[in-house]
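See below for the structure under consideration.
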Amino acid sequence: MPTGSTGQIAGVIIASLVVIGLGAAMSVYFGRKAKTSQDWLGATESLPLFVVVITQFAAAAGGGVLIAHVGIGYKSGWSVFVYEACVLVGFLLLMLIARWLRQQRFTTVPDVITRLFGQNRAVTAIAALAALVVPFGWLATQFVAFAQLFGQLTGISMPVLVAVIMLGSLVFVLPGGLTSVAWADFVFGLFKIVMAIGVAIYGIHLAGGWSHITETVPQRLWALEGVTAVGWQQIWLWIAAIVPGTLTNQLYYQRVFATKKISDARLGLGLSGITMLVSGVYAGCIGLAVRSMNPNLADEEDAAGWLLTQLPSWMLVVFGAFLVSTIVATSGAALQSVVVNLIRDVYQNIAGKQTGERKTVALSRLITVAVSVLAAVLAVVFPKALSWLVATYAYSAAALAAPIFLGYLLHKHRRLKPVAALGSMIAGIIGCGVAQVLDTTVPYAVYGIGASAAVLLLLAATTSEKRTPTPAKELVREA
114 MPTGSTGQIA GVIIASLVVI GLGAAMSVYF GRKAKTSQDW LGATESLPLF VVVITQFAAA
174 AGGGVLIAHV GIGYKSGWSV FVYEACVLVG FLLLMLIARW LRQQRFTTVP DVITRLFGQN
234 RAVTAIAALA ALVVPFGWLA TQFVAFAQLF GQLTGISMPV LVAVIMLGSL VFVLPGGLTS
294 VAWADFVFGL FKIVMAIGVA IYGIHLAGGW SHITETVPQR LWALEGVTAV GWQQIWLWIA
354 AIVPGTLTNQ LYYQRVFATK KISDARLGLG LSGITMLVSG VYAGCIGLAV RSMNPNLADE
414 EDAAGWLLTQ LPSWMLVVFG AFLVSTIVAT SGAALQSVVV NLIRDVYQNI AGKQTGERKT
474 VALSRLITVA VSVLAAVLAV VFPKALSWLV ATYAYSAAAL AAPIFLGYLL HKHRRLKPVA
534 ALGSMIAGII GCGVAQVLDT TVPYAVYGIG ASAAVLLLLA ATTSEKRTPT PAKELVREA
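Sequential numbering from 114 applies to the sequence shown in the numbering used here.
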């Protein structure tokens, strides 16, 4: 049954349609900048620093923050900052190779693997699968988040709401691919930062002020000790999954590839990581505020949806617009990233198919629709947001972290071969899966990354050759 009045429901629906309409208009407008299929797939060297910073934030702070992170705040207080800090650390570490990534003019993560180890279809296929699993998981998470948030308020069934947000995401991507997504995300990202801070303040006010929260919520959640309230086992799981997962997340790589200036590559990542702390402020404050008002929720991921039912009509409409902009911004970015892998890596590199500019864009749009439908179906079948995030991060990191970062360090001194990457990725996936099935105390992502790194070092030592001295100009290019 819906918990909002008819007027409130109508207001939220109108606000949602306005946001989606604005997103579509911006996507069409900025999509005109996409003159080629390369612009659609990668927005190559076209984004200024201020756009890169905000669009990174807009892509990262999506439905996971609205549902899963607020749930963390509800159950474990300031522990949500540990999750955000893991993303920040990942951004800071990614800065180490950002300049090199930008110089090489890559389009996808498998391009990076190929540059380090050489051409091989099996390597490209596994790398593509590992690279797209995180954005695909994100896409499904956004659909779940939207349905959970607005389902409690409107009483509309989950499949219908998932279909609505799926269509909203499509209008973000179809006009111009990454070019339209990045610029639309920039506009919505600014709105999200302002609204996140404003909603956090209003949530505390609605709960009776910070003093009332501290009186009604256990001190272990809102005091400094709340940072570790979630427990060290969970913290180590986040560190093991989120940091490497961030390091291998293609959404972040794409924006590095698209920076207008090479010098912006590192700075953009650092500033984007800092903006992620805004998500921690929002999720922690809202989670604690809802915990103060209703400490008996059966599922912590219902906290954000329950808050919707308590807002006055005017605030509900504004908040609804904020939620929709947050979700469609991230879902659009995730959807486009998956499509790039399928076009660039699977269709062009593995299948060896080449088409003209117009046919490539048309095929990209067709695959965009197909991927969004598949994600929508899975979102209805598996509606648990945090599980999507942690599992996809873990398996992607297990397959890609060692080949990218160890490969980057080793390739300067040795001529690496595809077999090293292939063995490393397979070992990482198997190690991660076995550890998850055995339900090990140590986070299963650690086993996967460890197995991947060990096999890579072994194969690199036994199959590669030392590089001969490289001319100075070549060293500058590869630095």
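For each residue, glycine too, the CB sits at the ideal point set by N, CA and C.
Residue(s) in a DSSP beta bridge with residue i
i       : result
Leu-160 : Thr-372
Whole-number beta carbon distance between residue j and residue i, since they are thought to touch under 8 angstroms
i       : j       : result
Ala-211 : Val-369 : 5 angstroms
Ala-558 : Ala-243 : No, Ala-558 and Ala-243 are not in contact; Cβ-Cβ is about 13 angstroms, not under 8 angstroms.
Val-484 : Val-451 : 5 angstroms
Trp-251 : Thr-443 : 6 angstroms
Ala-371 : Leu-206 : Between Leu-206 and Ala-371 the Cβ distance is about 20 angstroms, and since that is not below 8 angstroms, they are no contact.
Ala-492 : Ala-276 : Ala-492 to Ala-276, Cβ: 10 angstroms. No contact.
Ser-565 : Ala-512 : 7 angstroms
Val-340 : Gly-136 : About 36 angstroms separates the two Cβ atoms, so there is no contact after all.
Ser-405 : Val-330 : 5 angstroms
Ser-537 : Val-568 : 5 angstroms
Val-166 : Thr-388 : 7 angstroms
Reduced DSSP secondary structure (H/G/I, E/B, other) of residue i
i       : result
Arg-528 : strand
Lys-579 : strand
Ile-466 : Reading off the sequence, residue 466 comes out as Lys, not Ile. Coil at Lys-466, not helix or strand.
Asp-415 : helix
Ala-342 : coil
Gln-232 : coil
Ser-270 : coil
Pro-288 : coil
Phe-518 : helix
Met-595 : Any answer about residue 595 is impossible in this case: the structure gives the chain only from 114 up to 592.
Met-389 : coil
Phe-249 : helix
Ala-548 : helix
Thr-170 : Correcting the residue identity first, residue 170 is Phe in this sequence and not Thr. Reduced to three states, the DSSP call for Phe-170 is helix.
Pro-357 : helix
For residue j and residue i, the rounded distance between their alpha carbons
i       : j       : result
Thr-168 : Met-139 : 14 angstroms
Val-547 : Gly-321 : 48 angstroms
Gln-345 : Gln-461 : The question names Gln, yet the displayed sequence has Trp at residue 345. So the two alpha carbons sit approximately 44 angstroms from each other.
Ser-270 : Phe-285 : 24 angstroms
Gly-383 : Asn-407 : 37 angstroms
Tyr-142 : Phe-299 : 14 angstroms
Leu-420 : Val-437 : 15 angstroms
Tyr-508 : Val-550 : 13 angstroms
Phe-170 : Leu-476 : 29 angstroms
Ser-392 : Val-178 : 7 angstroms
Leu-274 : Pro-288 : 23 angstroms
Asp-377 : His-524 : 24 angstroms
Val-183 : Arg-218 : 37 angstroms
Ile-306 : Ile-543 : 40 angstroms
Gly-231 : Ala-446 : 28 angstroms
Val-195 : Gln-255 : 21 angstroms
Gln-449 : Cys-199 : 24 angstroms
Val-494 : Glu-578 : 49 angstroms
Ala-402 : Tyr-365 : 32 angstroms
Ile-239 : Thr-361 : 14 angstroms
Thr-119 : Trp-323 : 32 angstroms
Leu-209 : Arg-379 : 8 angstroms
Touching or not, the stretch 522-538 and the stretch 558-577, by the rule of three or more beta carbon pairs under 8 angstroms?
yes
Would you call the stretch 225-234 in contact with the stretch 506-523, where contact means no fewer than 3 C-beta pairs closer than 8 angstroms?
yes
Do the stretch 330-337 and the stretch 175-194 make contact, defined as three or more Cβ pairs closer than 8 angstroms?
yes
For the stretch 303-313 against the stretch 388-402, do three or more pairs of beta-carbon atoms, one drawn from each stretch, fall closer than 8 angstroms, so that the two count as touching?
yes
At least 3 beta-carbon pairs within less than 8 angstroms: the stretch 258-265 vs the stretch 417-434
yes
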